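What the sequence shown shows, in our numbering, is residues 180 to 399, in sequence order.
We put the CB at the ideal spot given by N, CA and C, even for glycine.
If you're wondering where the values come from, they're calculated on a predicted model, not measured in any experiment.
Below is one structure, written out as structure tokens, with a few remarks after it.
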Amino acid sequence: MELFKEIAQECQNAQARLVAVSKTKPISSIESLYAKGQRIFGENKVQELCQKQVVLPSDIEWHMIGHLQSNKVKYIAPFVDLIHAVDSIKLLKEINKQARNNQRIIHVLLQIKIASEESKYGINPNEFSAFIEAYEALDLSHVSIVGLMGMATFTEDKDQIRKEFQLLQEIFEEVKRSSFMDKPAFKELSMGMSGDYKIALEEGSTMIRIGSLLFGHRTY
Ligand SMILES: *Cc1c(COP(=O)(O)O)cnc(C)c1O
């Protein structure tokens, strides 16, 4: 079976959604996957996302999956469907402001740092409750936190990857149980990429982000 169909089927079986990560890939590659029925596409650069969004069908759901600078939120605020990697209060405030300007509520995921690698991005698990407290105090009415996102360490060690996904899943469950997030909107767990999505689906992912397996390797 064709790889796209296979992955789409695996997602369906796990009741997860497939985000096709089209960064660096041309419009034509997106169009051919669209023709096969794919509707969710993810990009990690604001400029590229905007350029693609204007020329492609309007029923595509666009996800911003990469690190997002506050000063660029305004460009995607009119149309973005989900922002995956929010890790600062400053960014949340800016998203709220731009969402209000566009009279929308923008859905976001909080990125949690689960990898052992030194990474600049993501909220540290032990600073998470403080983050939530700071967020609650602001009472932002135009952002909706609909779940969590994380990236496992880039390694061959499958046990380590599984442990990191399990950690994220535990934090996710903990948040769901806590009073502040006690609402049905909080239900997404974005984890799993080309190299580790099968493990992610086994560990409760609701959204996998697949690039190279669908589009081939990227050349920058
Ligand atoms: C590029 C990227 C992906 C997809 O990576 P692949 O290994 O090509 O599947 C997923 N998530 C994020 C945040 C990315 O930047």
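L368: not part of any alpha helix (DSSP H); member of the beta strand (DSSP E) spanning E367 to S369, first to last residue. Using a Cβ distance threshold of 8 Å, H263 and M328 count as a contacting pair. Using a Cβ-Cβ distance cut-off of 8 Å, the region 383-394 and the region 191-201 are in contact, since at least three pairs of beta carbons, one from each stretch, lie closer than that value.
Cβ-Cβ separation between Q277 and K253: approximately 5 Å, consistent with a contact (criterion under 8 Å). In summary, E352 is exposed, with fewer than 16 beta-carbon neighbours lying within 10 Å of its beta-carbon over all protein chains present.
The three-state reading of DSSP puts S208 in helix, counting H, G and I together. Burial is judged here by how many other beta carbons sit within 10 angstroms of a residue's own beta carbon; D238 has fewer than 16 and is exposed. In the three-state DSSP reduction, S391 falls in the helix class (H, G or I). Inclusion of K366 and L317 in the CB contact set at 8 Å is not warranted, their separation being larger than that value.
By DSSP's assignment, G326 forms a beta bridge with L288 and E367.
With respect to the 8 Å criterion, L347 and I291 are classified as neighbours on the basis of their beta carbons. Look at E382 here: in three-state DSSP terms it is coil, with no helix or strand label. The closest heavy atom of ligand 1 lies less than 7 Å from the beta carbon of S391. Taking every protein chain shown into account, the CB of F183 has 16 or more other CB atoms within 10 angstroms, so this residue is buried. Judged by DSSP in its simplified three-state form, E296 adopts coil rather than helix or strand.
In this structure, the beta-carbon distance from Y314 to D266 does not fall below 8 Å. Distance check between A187 and each of S207, I219 and P205 places I219 closest, using alpha-carbon atoms only. In the structure shown, the three-state DSSP call for L197 is strand.
DSSP, reduced to helix, strand and coil, places F220 within a strand of the structure shown. Between E222 and K215, the beta carbon gap of about 19 Å keeps them out of contact (Cβ cut-off 8 Å).
Contact check for R341 against I389 fails: the beta carbons are separated by 8 Å or more.
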